[in-house]
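**Student:** Sequence order for the protein chains is V and U. If you use the working numbering, the first sequence closes out at 223, no skipped numbers anywhere. If you use the working numbering, the second sequence closes out at 1223, no skipped numbers anywhere. Positions of the beta carbon are idealized from the N, C-alpha and C atoms, including for glycine.
There are 2 protein chains.
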Amino acid sequence: MVKALIFDVFGTCVDWRTAIAAEVARVLPTVDPVAFADAWRGEYQPAMERIRDGNRGYIALDDLHLENLHRVAKRFGVIAPDDLNTAWERLTPWADVGKGLAQLKQSHIIAPCSNGSIALMTRLGKFAGLPWDCILGADLAQDYKPKPAVYVAGCTALRLDPSDVMMVAAHNDDLHAAQNAGLATAFVARPTEHGPEQTGDLAPTGTWDHVAGDFIDLARQLS
Amino acid sequence: MVKALIFDVFGTCVDWRTAIAAEVARVLPTVDPVAFADAWRGEYQPAMERIRDGNRGYIALDDLHLENLHRVAKRFGVIAPDDLNTAWERLTPWADVGKGLAQLKQSHIIAPCSNGSIALMTRLGKFAGLPWDCILGADLAQDYKPKPAVYVAGCTALRLDPSDVMMVAAHNDDLHAAQNAGLATAFVARPTEHGPEQTGDLAPTGTWDHVAGDFIDLARQLS
Chain V
1 MVKALIFDVF
11 GTCVDWRTAI
21 AAEVARVLPT
31 VDPVAFADAW
41 RGEYQPAMER
51 IRDGNRGYIA
61 LDDLHLENLH
71 RVAKRFGVIA
81 PDDLNTAWER
91 LTPWADVGKG
101 LAQLKQSHII
111 APCSNGSIAL
121 MTRLGKFAGL
131 PWDCILGADL
141 AQDYKPKPAV
151 YVAGCTALRL
161 DPSDVMMVAA
171 HNDDLHAAQN
181 AGLATAFVAR
191 PTEHGPEQTG
201 DLAPTGTWDH
211 VAGDFIDLAR
221 QLS
Chain U
1001 MVKALIFDVF
1011 GTCVDWRTAI
1021 AAEVARVLPT
1031 VDPVAFADAW
1041 RGEYQPAMER
1051 IRDGNRGYIA
1061 LDDLHLENLH
1071 RVAKRFGVIA
1081 PDDLNTAWER
1091 LTPWADVGKG
1101 LAQLKQSHII
1111 APCSNGSIAL
1121 MTRLGKFAGL
1131 PWDCILGADL
1141 AQDYKPKPAV
1151 YVAGCTALRL
1161 DPSDVMMVAA
1171 HNDDLHAAQN
1181 AGLATAFVAR
1191 PTEHGPEQTG
1201 DLAPTGTWDH
1211 VAGDFIDLAR
1221 QLS
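1. Taking Asp1015(U) as the query, report the chain V residues whose CB atoms sit under 7 Å from its CB, ordered along the chain.
2. Look at the alpha carbon of Ala170(V) and the alpha carbon of His1194(U), and state the distance between them as a whole number of angstroms.
3. State the Cα-Cα distance for the pair Ile20(V) and His65(V), rounded to the nearest angstrom.
4. Would you say Ser1117(U) faces chain V, with C-beta separation under 9 Å as the test?
5. Let me confirm a value: Thr192(V) is counted as buried when at least 16 other C-beta atoms fall within 10 Å, else exposed. Which label applies?
6. If I measure Cβ to Cβ from Glu89(V) and keep anything under 8 Å in the same chain, skipping five residues before and after, which residues do I get?
7. Report buried or exposed for Ala203(V), applying the criterion of at least 16 other Cβ atoms within 10 angstroms of its Cβ.
8. Report the three-state DSSP secondary structure of Thr1192(U) (helix, strand or coil).
9. Can you tell me the Cα-Cα spacing of Thr30(V) and Ala73(V), whole angstroms?
10. For Ala157(V), count neighbouring C-beta atoms within 10 Å of its own C-beta (all shown protein chains included) and say buried if the count is 16 or more, exposed if not.
11. For Pro1162(U) versus Cys1155(U), is the C-beta distance shorter than 9 Å?
12. Report the neighbours of Thr122(V) on chain U: residues whose CB is nearer than 8 Å to its CB, in chain order.
13. In chain U, what lies closer than 7 Å to Asp82(V) by C-beta?
14. Is Ala35(V) buried or exposed, if buried means 16 or more other CB atoms sit within 10 Å of its CB?
15. Keeping to the same chain, check which residues put their C-beta closer than 8 Å to that of Ala39(V); ignore five residues upstream and five downstream.
16. Determine the contact status of Asp1209(U) and Met1166(U), defining contact as a CB-CB distance below 9 Å.
17. Would you give the residue range spanned by the alpha helix (DSSP H) that Pro1033(U) belongs to?
18. On the DSSP bridge list, what partners appear for Phe991(U)?
19. Determine the contact status of Asn1115(U) and Ala1138(U), defining contact as a CB-CB distance below 9 Å.
20. By Cβ distance below 6 Å, which residues in the same chain neighbour Arg220(V) in space, the five residues on each side in sequence not counted?
21. Going by the CB atoms, is the gap between Ala1111(U) and Leu1136(U) shorter than 9 Å?
22. Taking the runs of the beta strand (DSSP E) that are 3 residues or longer, which of them lie wholly in the region 1106-1187 of chain U?
23. Between Thr1207(U), Met1048(U), Ala1153(U), Asn1055(U), which lies nearest to Asp1062(U) when the distance is taken from Cα to Cα?
24. Would DSSP call Pro1046(U) helix, strand or coil?
25. From Arg1017(U) to Val9(V), what does the alpha carbon distance come to, in whole angstroms?
26. Give a yes or no on whether the minimum CB-CB distance between Ala128(V) and chain U is below 9 Å.
27. Let me make sure I understand the geometry here. Which of Ala184(V), Asp201(V), Ser223(V), Arg190(V) has the alpha-carbon closest to that of Ile6(V)?
28. Return the first residue and the last residue of the beta strand (DSSP E) that Ile1006(U) is part of.
29. Under three-state DSSP, which class holds Thr92(V)?
30. Tell me Val1014(U)'s beta-bridge partners as DSSP assigns them.
31. What distance in whole Å lies between the Cβ atoms of Gly1206(U) and Leu1175(U), which are believed to be in contact at a cut-off of 8 Å?
32. Rounded to a whole number of angstroms, what is the C-alpha to C-alpha distance between Arg50(V) and Arg56(V)?
33. Could you compute how far the alpha carbon of Val1168(U) sits from the alpha carbon of Val211(V)?
34. Against chain V, with Cβ distances strictly below 9 Å, would Gly1125(U) count as a contact?
35. Closest to Ala1095(U) by CA distance: which of Gln1045(U), Pro1046(U), Ala1177(U), Gly1129(U) is it?
36. Under the assumption that Ala1004(U) contacts His1108(U) (Cβ atoms under 8 Å), give the Cβ distance between them as a whole number of angstroms.
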């Protein structure tokens, strides 16, 4: 029985694509909003990769998102206002998340273990009603998932052994990394994170401790 | 109008003395429980002082509490079990705190800025029903209040200017330090933190932005 559940957030807890596209449509009416959202998110891994590789010091995701916004806007031939970047603080939770987290919180410490900063996760948590007990993630490790330091820093902050902590994610690569760091794992598929044509992460690709249909199902499995 | 409220916890949000004495009475029935609680808390500042002075590297308060427990137990002629230390995770909030924090949370980010670790504040928050948006404090700065780094690290984690953050405390020295670091300040007296004979911190000794009777009064003042 693990004592804490730590969660991936973008894609696992919230539908970033629909919310970002809606905000882009409002602020940049001349571009294809879904294409813009996908392009913006497409810069996410490359931007973190330079930091994970040690080619750049740690910079919070808020700042990477802003750099990426302007890079993508240029490609789309528009100028984006800086405050479009705050759209990442206002994403919509999947329908099961509020109820599921409330149930899981009754028996476990629950916290995000996201690549988002403490500031971003705090504001998103308030907006989306995610009842976190604390905020873990990239800021504590000053590095980005899937580097093991991020998972380990979360466990250390809670003064728990990794085997007492379960990583919950919709992304198999996140779970592989967490499992390699000694954590328990739970996979919850989010088959429309990338839209109706999504091909990746539709099913578990590893030996995870739990595979659940949604957070309410996970709460049932852990009760 | 500040955007975030950060709180001292021991004494300001929770009545540590009554809860610790009750636990001591249960576990160490031969000692005077209130005297033991006061002696244990009395080791708090000296233990942190060595770290603030740079004579010892940062060690989480959980570990200092445990060292202090055994030092005090020896003085009282008893042997204390290690797990008495977890009593600090089960302290009782003052009567106004739950309702007051819930009101303040509607309009502000709320977070502890305590010398307690993320682990300790997370567990205490769950036990006492403190609805924090995130956990700030000593762990982030790897140093102890009233060192300015602790207040500044909290603001930095929220990506806010210190002038957009208000420190709430029952201790004037905490507020003096926060004010010197550029934060707004609110004083809430807790006249029985140290028992019915308390002499210190009964009234504000500085020019604080707010002086409130309790957290519900503070919410009214800030609304």
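**Tutor:** Reading off the structure:
1. Counting from 1 along the second sequence, the entry for residue 1015(U) is found at position 15. Listed along chain V, no residue sits closer than 7 Å to Asp1015(U) by beta-carbon distance, the nearest being about 21 Å off.
2. Taking the first residue of the first sequence as position 1, residue 170(V) is located at position 170. Taking the first residue of the second sequence as position 1, residue 1194(U) is located at position 194. If I take the Cα positions, the gap works out to 49 Å.
3. Here the question's residue 20(V) lines up with position 20 in the first sequence. Here the question's residue 65(V) lines up with position 65 in the first sequence. About 12 Å.
4. For the purposes of this step, residue 1117(U) is taken as the residue at position 117 of the second sequence. Answer yes: the Cβ-Cβ gap between Ser1117(U) and chain V drops below 9 Å somewhere.
5. As a first step, residue 192(V) must be located in the first sequence, where it is residue number 192. A residue is called buried when at least 16 other Cβ atoms come within 10 angstroms of its Cβ; Thr192(V) does not meet this threshold and is exposed.
6. Taking the first residue of the first sequence as position 1, residue 89(V) is located at position 89. Hits under 8 Å: Leu120, Arg123, Leu124, Phe127.
7. By one-based count along the first sequence, residue 203(V) stands at place 203. Ala203(V) comes out exposed.
8. Residue mapping note: residue 1192(U) aligns to position 192 of the second sequence, counting from 1. If DSSP states are grouped into helix, strand and coil, Thr1192(U) belongs with coil.
9. Translated into positions along the first sequence, residue 30(V) becomes position 30. Translated into positions along the first sequence, residue 73(V) becomes position 73. The straight-line gap from Cα to Cα measures roughly 11 Å.
10. Along the first sequence, read from residue 1 onward, the residue named residue 157(V) stands at position 157. Its Cβ being crowded by 16 or more others within 10 Å, Ala157(V) is buried.
11. To locate residue 1162(U), count along the second sequence from 1; it is residue 162. To locate residue 1155(U), count along the second sequence from 1; it is residue 155. Yes, the Cβ-Cβ distance between Pro1162(U) and Cys1155(U) is below 9 Å.
12. Stepping through the first sequence from its first residue, residue 122(V) is reached at position 122. Here the neighbours are Ile1109, Ala1111, Asp1133, Cys1134, Leu1158.
13. For the purposes of this step, residue 82(V) is taken as the residue at position 82 of the first sequence. Those within 7 Å of Asp82(V) in chain U number zero; the least Cβ separation is about 13 Å.
14. Taking the first residue of the first sequence as position 1, residue 35(V) is located at position 35. It is exposed - the Cβ of Ala35(V) has fewer than 16 other Cβ atoms within 10 Å.
15. As a position in the first sequence, residue 39(V) is number 39, starting the count at 1. Within the same chain, Ala39(V) has close Cβ partners Val72, Arg75, Phe76.
16. Here residue 1209(U) refers to the residue found at position 209 of the second sequence. Here residue 1166(U) refers to the residue found at position 166 of the second sequence. Result yes, Cβ atoms of Asp1209(U) and Met1166(U) sit closer than 9 Å.
17. Walking along the second sequence from the start, residue 1033(U) turns up at place 33. Membership of Pro1033(U) in the alpha helix (DSSP H) is indicated by the continuous run 1033-1042.
18. Residue 991(U) is absent from the model: chain U starts at 1001 and stops at 1223.
19. Within the second sequence, the letter at position 115 stands for residue 1115(U). Within the second sequence, the letter at position 138 stands for residue 1138(U). The beta carbons of Asn1115(U) and Ala1138(U) sit closer together than 9 Å.
20. On the first sequence, position 220 is the one that residue 220(V) refers to. Around Arg220(V): no qualifying Cβ.
21. In the second sequence, the residue the question calls residue 1136(U) occupies position 136. In the second sequence, the residue the question calls residue 1111(U) occupies position 111. Here Leu1136(U) is near Ala1111(U), since their CB atoms are less than 9 Å apart.
22. 1109-1114, 1165-1169
23. Mapped onto the second sequence, residue 1062(U) falls at position 62. If we check each option's Cα against that of Asp1062(U), Met1048(U) comes out closest.
24. Taking the second sequence and counting its residues from 1, the one referred to as residue 1046(U) is at position 46. Here Pro1046(U) sits in helix by DSSP.
25. Counted from its first residue, the second sequence places residue 1017(U) at position 17. Counted from its first residue, the first sequence places residue 9(V) at position 9. Cα to Cα, Arg1017(U) sits roughly 39 Å from Val9(V).
26. What you label residue 128(V) is simply residue 128 of the first sequence in a count that begins at 1. So no, Ala128(V) is outside the interface.
27. Taking the first sequence and counting its residues from 1, one reaches residue 6(V) at position 6. Taking only the C-alpha atoms, the option nearest Ile6(V) is Ala184(V).
28. One-based indexing of the second sequence puts residue 1006(U) at position 6. Here the beta strand (DSSP E) through Ile1006(U) covers 1004-1007.
29. For the purposes of this step, residue 92(V) is taken as the residue at position 92 of the first sequence. In this structure, Thr92(V) counts as strand in the three-state DSSP scheme.
30. As a first step, residue 1014(U) is located in the second sequence; it is residue number 14 there, counting from the start. DSSP lists Phe1010(U), Pro1093(U) as partners of Val1014(U).
31. Residue mapping note: residue 1175(U) aligns to position 175 of the second sequence, counting from 1. Residue mapping note: residue 1206(U) aligns to position 206 of the second sequence, counting from 1. The pair is a contact, with the Cβ atoms about 6 Å apart (cut-off 8 Å).
32. Taking the first sequence and counting its residues from 1, the one referred to as residue 50(V) is at position 50. Taking the first sequence and counting its residues from 1, the one referred to as residue 56(V) is at position 56. Their backbone Cα atoms lie some 6 Å apart in a straight line.
33. Position 168 of the second sequence, counting from 1, holds the residue named residue 1168(U). Position 211 of the first sequence, counting from 1, holds the residue named residue 211(V). Each residue's alpha carbon lies about 43 Å from the other.
34. Counting from one through the second sequence, the residue named residue 1125(U) turns up at place 125. Output row for Gly1125(U): interface = yes.
35. Position 95 of the second sequence, counted from the first residue, corresponds to residue 1095(U). Shortest Cα-Cα distance from Ala1095(U) to any of Gln1045(U), Pro1046(U), Ala1177(U), Gly1129(U) involves Gly1129(U).
36. Taking the first residue of the second sequence as 1, we reach residue 1004(U) at position 4. Taking the first residue of the second sequence as 1, we reach residue 1108(U) at position 108. The pair is a contact, with the Cβ atoms about 6 Å apart (cut-off 8 Å).
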